[in-house]
Every structure is written in structure tokens, then in C-alpha cells.
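*Asks:* Chains as they are written, first to last, in the numbering used here: chain V, 1 to 226; chain C, 1001 to 1231; chain W, 2001 to 2041. All C-beta atoms, glycine included, are put in the ideal place defined by N, C-alpha and C. On a predicted model such as this, the values are computed, not experimentally measured, just so you know.
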Amino acid sequence: MVESLRLALAIAAKDLRAELRSRTSFLSAAMFAALLLVVFNFARDPTAVATIDLAPGILWVTVAFAAVVAMNRGFAVERENHAFDGLLLAPVSREVLFLGKYLANLTFVLLVEVIALPLFVLFFNVDLSQALPGLVATLLLATAGLVSVGTLFSAIVVRTRFAELMLPVLLLPFMVPPLVFAVQITMRLLTGRALSEVAGGLRLLVLYDVAFITVSLLLFSAVVDE
Amino acid sequence: MNVDPIRAQILIRRGWRITLAALLALAVVVTLAQRFTPTEVRQGLAQKIFYIHAPSAWCAFLAVGLTGLASILYLWLGDQHFDRFAATSAEVGTIFCAVVLTTGPIWGKPIWGTWWTWDARLSLTLFLFFLLLGYQVLRSAIRVPTERARLSAVVGIMAMVLVPFIHLSVYLFRGLHPTPIVLKPSAPSLDPEMLRTLLISFAAFTLLYVGLVTLAYGIRLAQEAEEQAHA
Amino acid sequence: MPETPSNGGYMVAAYVVATVIYLGYVLVLWGRAKRIERLKD
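1) Under DSSP, the alpha helix (DSSP H) around residue 41 of chain V begins and ends at which residues?
2) Run through chain V and tell me which residues come within less than 8 Å of residue 1134 of chain C, C-beta to C-beta.
3) Would you list the one or two residues that DSSP bridges to residue 1040 of chain C?
4) Please list the residues of the segment 1090 to 1108 of chain C that have a C-beta atom closer than 7 Å to any C-beta atom in chain W, keeping them in chain order.
5) For residue 111 of chain V, which of V/139, V/158 and V/153 has the nearest alpha-carbon?
6) Applying the criterion that 16 or more other CB atoms from any shown protein chain within 10 Å of the CB defines a buried residue, is residue 197 of chain V buried or exposed?
7) List the residues of chain C whose Cβ lies closer than 7 Å to the Cβ of residue 2029 of chain W, in chain order.
8) Tell me, please, whether the CB atom of residue 161 of chain V is closer than 8 Å to any CB atom in chain C?
9) What does the alpha-carbon distance come out to for the pair residue 2038 of chain W and residue 1003 of chain C?
10) So, does the CB of residue 2032 of chain W fall closer than 8 Å to a CB anywhere in chain D?
11) Using a Cβ-Cβ distance under 8 Å, would residue 1120 of chain C count as near chain V?
12) Under three-state DSSP, which class holds residue 166 of chain V?
13) Starting from the C-beta of residue 135 of chain V, find all residues in its chain whose C-beta is less than 7 Å away, skip the five residues before and the five after it, and write them out in chain order.
14) Taking C-beta to C-beta, are residue 1046 of chain C and residue 1111 of chain C nearer than 8 Å?
15) Using 8 Å for Cβ pairs, my map puts residue 25 of chain V next to residue 73 of chain V. What's the rounded Cβ distance?
16) If you reduce the DSSP assignment to three classes, tell me which class residue 1081 of chain C lands in.
17) Terminal residues of the continuous alpha helix (DSSP H) containing residue 1226 of chain C?
18) Quick one: does residue 1141 of chain C have its CB under 8 Å from some CB of chain V?
19) Counting Cβ pairs, one atom from each stretch, are 3 or more of them under 8 Å apart for the segment 209 to 218 of chain V and the segment 86 to 105 of chain V?
20) Listed in chain order, which residues of the segment 1024 to 1041 of chain C have Cβ atoms closer than 7 Å to some Cβ of chain W?
21) Distance cutoff 8 Å, beta carbons only. Does residue 1077 of chain C sit that close to anything in chain V?
22) Could you give the first and the last residue of the continuous alpha helix (DSSP H) run that contains residue 133 of chain V?
23) Curious, which full-length alpha helix (DSSP H) runs of at least 4 residues does the segment 1109 to 1151 of chain C contain?
24) With contact counted as at least three CB pairs below 8 Å, one residue from each stretch, are the segment 1058 to 1073 of chain C and the segment 1128 to 1142 of chain C in contact?
25) Express the C-alpha separation of residue 1219 of chain C and residue 2029 of chain W in angstroms, rounding to a whole number.
26) Here's the rule: buried if 16 or more other CB atoms are within 10 angstroms of the residue's CB, otherwise exposed. What is residue 1094 of chain C?
27) Quick check: the segment 8 to 19 of chain V against the segment 99 to 106 of chain V, are there 3 or more CB pairs under 8 Å?
28) Give me the residue from C/1014, C/1122 and C/1050 with the minimum Cα distance to residue 1198 of chain C.
29) Quick one, which of V/144, V/49 and V/55 has its alpha-carbon nearest residue 206 of chain V's?
30) Residue 1010 of chain C lies in the alpha helix (DSSP H); which residues open and close that run?
31) Within 10 angstroms of its Cβ, does residue 126 of chain V collect 16 or more other Cβ (buried), or is it exposed?
32) Using a Cβ-Cβ cut-off of 8 Å, state whether residue 142 of chain V counts as contacting chain C.
33) With the cut-off set at 8 Å, would you say residue 29 of chain V and residue 90 of chain V are in Cβ contact?
34) I'd like the list of long-range same chain contacts for residue 195 of chain V, defined as Cβ closer than 6 Å, with 5 residues on each side in sequence excluded.
35) Please compile the residues from chain W whose C-beta is within a distance smaller than 9 Å of the C-beta of residue 1226 of chain C.
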């Protein structure tokens, strides 16, 4: 069990190291998130609609799109280098391989969120003094679920033509439930409600995470094995 | 694995027969709905759209459910028939979804005052429509048949797991956005004649689903047999 | 007794749209079947 975890972390680490060495995709994803926030800012009329009404939606749409962009890189690089085939030949269980990829993707997307959140606070004048712990929890939970589906689907689309288009097309419907739950929670947190009031929403996120991390894990071998 | 062209022809013929029978049954349903079913007093004639809208929705859900089931069976048993069935049911399901998504707003406008209201059934059907399209787009992007079968089965299963969460999301979303309802829709006090027409309609549409799937499956089989013969 | 609204136009539209979609698909299938027949010769 511990061995598997260590193996997964090793795979994740290798993945991330390769990623951060080039930095291209991380910068692209971070810039994409920043630009989205800027575009959203200009796409509204602050005198007509209160910021607080739009802010949660803007935050989560940004997170969702940035996550898709970030996960697109997942298997593509390896396909080019045939490194993935090497990994498949190694005596690593498919579940551990999934876990490794998943952790790498998760870290990557969370890093993008670390860039996006302060920008969000800055551009939209959001007061996070009360909301921060709840918001961080929501970001972690929502991202955990999104990335599990994204990791599985990245593995699927890498074998198709137009992979970059295929991933959002398949992934976006799966992003709607965590987005809906997260926006509900964020709206309550930003209007000063107590953490206890968002417990229901957080529970729904956990439910989604448990369901999809499990199913993605189980289906991964069907995707990568002939 | 060898595809039997004769079986394909048998299925095509059977599919035609069932489909034609279903179309006839539907003609009867339309006549019943128009001539022999009372008009709902508060909703007017537009309520009669219900007799084609609701059964189409049922068939759409049936189609999606069977695609999901076939996906699971394919991954488990590896039989090509399941993959072929899943693809066929997905295509037919898309047609039923299209009807639900068009008749729904046409019914909604006079009854609710707006074309679209994010009501539970319509929203779920919209998502299923996107999932079915995504499934078929994925299939069209993979050349190798075994890979296509395997990967689309995975997506089919994931879509099944998603459905209850979509339901939860729509429910949550609607709870915060109550729609201005002009008249109370969808479940009028069902007159026995209305119930009769509705039930016959459900039967006729289900028959249409069976006919279309049999026909489309047979055609798909015949196409494969053709490709095999000319390989 | 509320007056029954006159919205028969919507009903006709819906029935027509549904018929077009279903028959359209049947036509598509017919076309596919025909193409296979022709290929055989």
C-alpha cells in the first residue's frame, strides 16, 4: 500500500519536474486564467449588476476553463516522446499509474489556482477575510473531482484526432455539477455566511469526488490497455 | 470476427416492419390526441403536445440507459454486439432528445410564458443530448474499431455515473430560481381519456424506439459486412 | 370558469416538428440501406 503510494508520488514527481523544467504549459495556463478574469471584468457593467452577484460564477468558470487548458497537456507530451509506452511496459499497476498522473494534474491545476485566486480578489474587490478557509476547502474539493475526470479523459482523447478540442467537449458536462455546488458555496461564503451553512454543498462535492475518483481509477486500465 | 450479412438483412427487414408498425400506431395516437381526447381547459390545445413530448423523453432516457448498460457489458464481456448496440442506441437516443428539446420549448412558450425554463426534465435531456453528441463525436475520431469500442464504452459508463449528479445540480439550481409559472404544467388532473391516449402513446413510441434501433443496428451490421467483403 | 387559451398554433408546430424529425431520421436510415444495396452490385 505504502509502496504503491510512493510509486505514485514518484510518477507524479517525474511528470511535474518535466513540466516545470519547460514551464511553457504552466505559464500558458496561468496566463489563460488571468486573461479570463480580465475579460470577465470588462464583460460586465458594475453599475448594473453588483459584483458579488457575478463573482462566484466568474471565479468558477475561470477555474473550470483553466483546468481544461492545464489538463490538455497531460498526455500529449508523452505521446510525442513515446514515453508513455515505456511507462506501460513497466511493472506498475494501472491504478498506481492513474494515481501518479492524477496527483501531477492536481498539483498543476492547484498551482494555477494559486495564481488565479489573488488576481480574482484583486480585480473583483472581494473580501476574503471570513471566506478564505471555506473557499480554499471548496477549491481543493472541486479541483480534486474535476481533475479525476480530466485525467481519465486526457488518456482517452490522446488517442484521437483533434485531442485539444475533444477534451473540452467531453469534459465540460462533467464539470457542471461541481461548478454548481462550488458556486453555491462560494456565494454563501462571500456574503458572510458561516461555514456550517455550506456543509451541505461541501458534502455534495465530497460525494462527487468519491464517485468519480473511484470510477476513473477503475476505468483507467480499460483506457490504456489494449 | 466475421460479420454475418444475412443476419444483417434479416434485422433490416424486421426493423422496417417494426418501424412501419410504430409509425402507424403513432398516426393512431395523433388522431386520438386530436379528435378523441378532451382539451385541457386551463392549458388549451397546447397541452396536447404532452402526448408526444413525454413519451419521447421516456424513449430518450431509455436509449441512454441502454447505451450505458451496453457499455458496461462490452467492457465486461468483450462482445462486439454490445458495442454496436451502444452506438446505435446512442444515435437513436439523439433523435428522441432532439424531439424533446424542440417540442418542450414549443409547449413551454404558451404555458409558462418563456421558451426555456431549466425545468428538471428538459435540463436533464439537454445534458443527455450533449453527452450523446460527445460520445458520437469521440467515436468518429477513433479509427481502430476495438479501440473505438473500448474508449467509447468508458465514456458511456462515466456518463451514467454523471446522470444523478446532473439531477442534483438541476434540482439545486431550480431551488434558487423559481420560474414564473403562468399555469401549472405537466401533471394536469388526468382525465381517463387523456390517460388512455398517453399510455397508448408511450407504447407506440417505445415500439418506434425498438424499430429504429433494430433497423439502424441491421444497417450498421450490413455496412460492416460490406467492408469486410471488400477488405 | 377561466377561458381556455387559444394556442392551437403551438400544438400544430410541435406535432409538425416532431414528425419532421422522426420521418427525417427514417429517411436517413432508408438512404443508408439503399447505399449498401448499391454497393453490393
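*Replies:* Result, derived from the coordinates:
1) 24 to 42
2) 169, 170 and 173
3) C/1044
4) 1095, 1098, 1099, 1102, 1103, 1106 and 1107
5) V/139
6) exposed
7) 1215, 1216 and 1219
8) yes
9) 19 Å
10) Any reference to chain D falls outside this structure, whose protein chains are V, C and W.
11) no
12) helix
13) 128, 186 and 189
14) yes
15) 4 Å
16) helix
17) 1192 to 1229
18) yes
19) yes
20) 1030, 1039 and 1041
21) no
22) 132 to 157
23) 1120 to 1140
24) yes
25) 8 Å
26) buried
27) yes
28) C/1050
29) V/144
30) 1005 to 1035
31) buried
32) no
33) no
34) 134
35) 2036, 2039 and 2040
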